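Structure first, then comments.
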Amino acid sequence: MHQASARPTTRPSELLRQLEVIRAFGEALGSTDEEVGETALGILPQVACHDIALLHLLARDGEHLFLRANRGVSAALLEVSRVLALGSGLPGEVAASGHPRRVTELTRSMELPLAVQEAAVADGIRTFAFVPVRARGRVLGTLTVGRRSARIFTDEETALLSCAADQIGVALDHAQQHVEARHQIEGLERAQSAVVKAERLTAVGELTRGVVHEINNPLTIILGQVEMLLADAPGDDVERGLSVIQRAGKRAAGVVRDLRQFADPAPAQRTPCQLAEHAQRAIAAVESQLRARRIACETDLEDGPPVWADGGQLGQLLRHLIDNAAQAMATFHDGGTLTVRVARIHSGMRLEVADDGPGIAAEHLPRIFNPFFTTKDADDGRGLGLSVAHGIVREHGGRIWAENLPEGGARFVVELPFGLRGAETTPSR
41 MHQASARPTT
51 RPSELLRQLE
61 VIRAFGEALG
71 STDEEVGETA
81 LGILPQVACH
91 DIALLHLLAR
101 DGEHLFLRAN
111 RGVSAALLEV
121 SRVLALGSGL
131 PGEVAASGHP
141 RRVTELTRSM
151 ELPLAVQEAA
161 VADGIRTFAF
171 VPVRARGRVL
181 GTLTVGRRSA
191 RIFTDEETAL
201 LSCAADQIGV
211 ALDHAQQHVE
221 ARHQIEGLER
231 AQSAVVKAER
241 LTAVGELTRG
251 VVHEINNPLT
261 IILGQVEMLL
271 ADAPGDDVER
281 GLSVIQRAGK
291 RAAGVVRDLR
301 QFADPAPAQR
311 TPCQLAEHAQ
321 RAIAAVESQL
331 RARRIACETD
341 LEDGPPVWAD
351 GGQLGQLLRH
361 LIDNAAQAMA
371 TFHDGGTLTV
381 RVARIHSGMR
391 LEVADDGPGI
401 AAEHLPRIFN
411 PFFTTKDADD
421 GRGLGLSVAH
431 GIVREHGGRI
441 WAENLPEGGA
451 RFVVELPFGL
461 RGAETTPSR
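Those letters in the sequence shown? Residues 41 to 469, per the numbering used here, in order.
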C-alpha cells in the first residue's frame, strides 16, 4: 500500500501533456447535456488507462456512499458495490478523509470490504486507485479505477485522476445548482400564476355580484307571474308553454343561487348535524329524478357523533355531489349505480359519493374544483357546482378530493371534523 505523493516530479513536456488531458476532460464534461457520472466515466480513459471505474456519491444520510455510475464492472462486483459505508474500507476512508489511496496488489490487501475484494479478485482486478470527488471544499464521493494488469497507478496518474475527480465534482455541483435554480424558477412561476388567478377570481366575483343583483329581481317577477297564470287554469297549449317558461326560470334561478354562493357565500349558521340524516334527506329529494335517469342508489349510512355545521349548506353540498355523479353516469351509459356512504373516522365523519361513470381524466383532476371549469356541454353544466361544494367544505374546516376507482367511475370524498360550538373558528379564505 502506498500513499499518493503530494508533489510528483514531472518533465515539462509531460506536464504540458497532462494539463492538456485535464483541459480536454473538463471541456468534454462541461459541454455535455447527459448524465454527468456516465459521461465522466466514458471519457476517463483519456486521463489514465484502466479496466473498470466506479463513481460513488455521498448519500443524503451522510453515512453511506451509493453507486452513481460504473464502467466495465462485472455483475458480481456491481452487486456488492451499490452501497458502501462511509469510513469503512478504502472507498469509505477516502470519502471520509479526502485523501487519495492506492492498492498495489489486491490479493495481498485487506483494506477493502471482504465482499468487494472477493468480487474484484474473481474479476481479475489487481490494482486500484481511489480519489475523492470534491466541490467547493466538500467531499461529494469517491472515484475508483482498477486494472487487471500488475502495473500500479503512478503518482502522476493518481494526481491526474484527482484533478479529473475534482472536475467531476464541479460538474455535479453545477448540475445540482441548475436543478435547484430550475425548481426555484418553477416555484416563482407557480406563485405568479396563483396571484394572477386570485386577481382574476376577485374580478369575476365583483362582476358576478353585480350580475346576480341585476338578474335575480326580474327573474323573481317572471316566476311569480308564471305561477299566477298557471293558477288561473289556462288552456292546455298555454299551460304547456307556461310550464316550459317555469322550468327555464327555475333553472336560471339555480344558476343565480350558485353564482351568489360562489361570489358572496353566506356565513355558516352552525348547529349539531347528523351527516347520515342529511345524506338520507338529500337522496330522498332526488329519488324520482334518479329513477327517471335509470340510476340505482346504494347507501351505507353509519350514524355517528354530530358535526357542527350549517344544515342548509350540507344539503347543498350533497345535492351538488349527487347531481355531478348522476350527470356523469347519464352521459356515459344512460343509467348506472350511485353509491353514497357515511362513516365515522378518527377525527370526524367521512362522506363518499361514488358513481360507475367514465371517471375523471387525469389532466382534469387538478382542476376539478376550479370555478367555471366543466367538461359538460354548455346546456348541462356551468362549472360552479363542485366549486361551491369545495367552498362549503372549506368553510367547515374539512377537506374534499376526487379520485378514480380501479373498477371504473369516480368517487368524491369529504371529511368533516367533529366540532363544538365553543371551538368554532373562522376558516381561512
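Just so it is clear, CB atoms sit at the ideal spot from N, CA and C, and this is done for glycine as well.
In this text, all values refer to a predicted model and were calculated from it rather than measured experimentally.
ask   = Considering only residues of the region 324-350, which uninterrupted beta strand (DSSP E) runs meet the minimum length of 3 residues and lie entirely inside it, listed in chain order?
value = Correct list: 335-341 and 347-349.
message = If you follow the alpha helix (DSSP H) that Leu130 is in, where does it begin and where does it stop?
response = Note, Leu130: alpha helix (DSSP H), Gly129 to Ser137.
request  = Could you check what DSSP says for Leu445 in three-state terms: helix, strand or coil?
outcome  = Residue state, collapsed to three classes: coil.
key: Residues that Cys313 bridges to, as DSSP identifies them   = For Cys313, which the question treats as bridged, DSSP gives the partners Val347.
query = Is it right to say Cys89 is buried, meaning 16 or more other beta carbons lie within 10 angstroms of its own, or is it exposed?
reply = Exposed, since its Cβ has fewer than 16 Cβ neighbours within 10 Å.
request  = Report the three-state DSSP secondary structure of His386 (helix, strand or coil).
outcome  = Under the three-state reduction of DSSP output, His386 falls in the coil class, being neither helix nor strand.
query = Straight-line CA distance for Asp340 to His318?
reply = For Asp340 and His318, the gap between their C-alpha atoms comes out near 13 Å.
message = Just to confirm my understanding: we take Glu60, look at its own chain, exclude 5 residues before and 5 after, and list those with CB closer than 6 Å. What are they?
response = Excluding sequence positions up to five before and after Glu60, its CB lies less than 6 Å from no other CB in the same chain.
inquiry  = Quick check on Ser427: buried or exposed, where buried means 16 or more other Cβ atoms within 10 Å of its Cβ?
reply    = By the neighbour-count rule (16 or more Cβ atoms within 10 Å), Ser427 is buried.
message = As a quick exercise: from Thr260, Ile385, Arg187 and Ala368, pick the residue whose alpha carbon is nearest that of Gln455.
response = Checking the displayed sequence, the identity of residue 455 turns out to be Glu instead of Gln. Minimum Cα distance to Glu455 is reached at Ile385.
ask   = Do you know offhand how far Asp163's Cα is from Leu117's?
value = Distance between the alpha carbons of Asp163 and Leu117 is about 8 Å.
key: Inter-residue spacing [alpha-carbon to alpha-carbon] between Cys228 and Pro406   = Before going further, note that residue 228 is Leu rather than Cys in the sequence given. When only Cα atoms are considered, Leu228 and Pro406 end up about 19 Å apart.
request  = Answer with buried or exposed for Val284, where buried requires no fewer than 16 other C-beta atoms within 10 angstroms of its C-beta.
outcome  = With fewer than 16 Cβ atoms within 10 Å of its Cβ, Val284 is classed as exposed.
ask   = Excluding sequence positions up to five away, which residues of its chain have a Cβ less than 6 Å from the Cβ of Gly344?
value = The answer, listed in chain order, is Arg384 and Met389.
query = Roughly how many angstroms lie between the CA atoms of Asp73 and Leu152, to the nearest whole one?
reply = Bear in mind that the predicted position of Asp73 carries a pLDDT of just 44, short of 50, making it unreliable; the figure below should be weighed with that in mind. Cα-Cα distance, rounded: 34 Å.
query = What residues match up with His96 in a beta bridge as DSSP calls it?
reply = The partner list for His96 (beta bridge, DSSP) reads Leu107 and Thr182.
key: Supposed contact pair Pro312 and Ser387 - C-beta distance, whole angstroms, cut 8 Å   = Not quite, the Cβ-Cβ distance comes to about 17 Å (not below 8 Å), so this is no contact.
request  = Inspect the beta-carbon positions of Gly449 and Gly375 and report whether they are closer than 8 Å.
outcome  = Taking 8 Å as the Cβ cut-off, Gly449 and Gly375 do not qualify as a contacting pair.
key: Neighbour-count burial assignment, Arg63, 16 or more Cβ in a 10 Å radius   = Burial is judged here by how many other beta carbons sit within 10 angstroms of a residue's own beta carbon; Arg63 has fewer than 16 and is exposed.
request  = Indicate whether Leu330 and Ala366 have their beta-carbon atoms separated by less than 8 Å.
outcome  = Yes, these two residues count as a Cβ contact at 8 Å.
inquiry  = Quick check: Ile83 and Arg111, are their CB atoms within less than 8 Å of each other?
reply    = Cβ distance not < 8 Å, so Ile83 and Arg111 don't count as in contact.
query = Taking the runs of the beta strand (DSSP E) that are 3 residues or longer, which of them lie wholly in the region 387-412?
reply = DSSP runs (the beta strand (DSSP E)) wholly in the region 387-412: 388-394.
query = Which first and last residues belong to the alpha helix (DSSP H) in which Ala88 is found?
reply = Premise fails: Ala88 is in no alpha helix (DSSP H) and is neither H nor E.
ask   = Do Leu200 and Phe168 have their CB atoms nearer than 8 Å?
value = In terms of Cβ geometry, Leu200 and Phe168 do not form a close pair [threshold 8 Å].
inquiry  = Closer than 8 Å is the cut-off here; do at least three beta carbon pairs connect the region 128-144 with the region 170-187?
reply    = Three or more Cβ pairs closer than 8 Å define a contact, and the region 128-144 meets that threshold against the region 170-187.
query = DSSP on Phe170, reduced to helix/strand/coil?
reply = Here Phe170 sits in strand by DSSP.
The beta strand (DSSP E) enclosing Leu456, as first and last residue numbers = That run of the beta strand (DSSP E) goes Ala450 to Pro457.
task = Leaving aside the five residues before and after Leu357 along the sequence, list all residues of the same chain whose C-beta is less than 6 Å from its C-beta, in chain order.
result = Counting only Cβ-Cβ distances below 6 Å, and skipping sequence neighbours, we find Ala429 and Ile432.
Close-in-space but distant-in-sequence residues of the same chain around Trp441 (CB under 8 Å, 5 per side omitted) = Contacts found: Phe452 and Val453.
query = Is it true that the CB of Val171 sits closer than 8 Å to the CB of Thr194?
reply = Not closer than 8 Å, so no.
ask   = What does DSSP give as the partner residues of Val380 in its beta bridges?
value = DSSP lists Thr339 and Val393 as partners of Val380.
request  = Compare the C-alpha of Leu95 against each of Leu315, Val143 and Ala109 and name the closest.
outcome  = Nearest C-alpha to Leu95: Ala109.
key: Limits of the unbroken alpha helix (DSSP H) element including Ala190   = No alpha helix (DSSP H) holds Ala190; DSSP gives it neither H nor E.
message = With DSSP as the reference, identify every bridge partner of Ile440, one or two as the case may be.
response = Looking at the DSSP assignment, Ile440 forms a beta bridge with Val454.
task = Take Val113 as the anchor and find which of Arg191, Asn256, Ile165 and Asp350 has the nearest alpha-carbon.
result = Ile165 is the residue among Arg191, Asn256, Ile165 and Asp350 whose C-alpha sits nearest the C-alpha of Val113.
ask   = Along the chain, where does the beta strand (DSSP E) that runs through Arg148 open and close?
value = First-last for Arg148: undefined, no H or E at that position.
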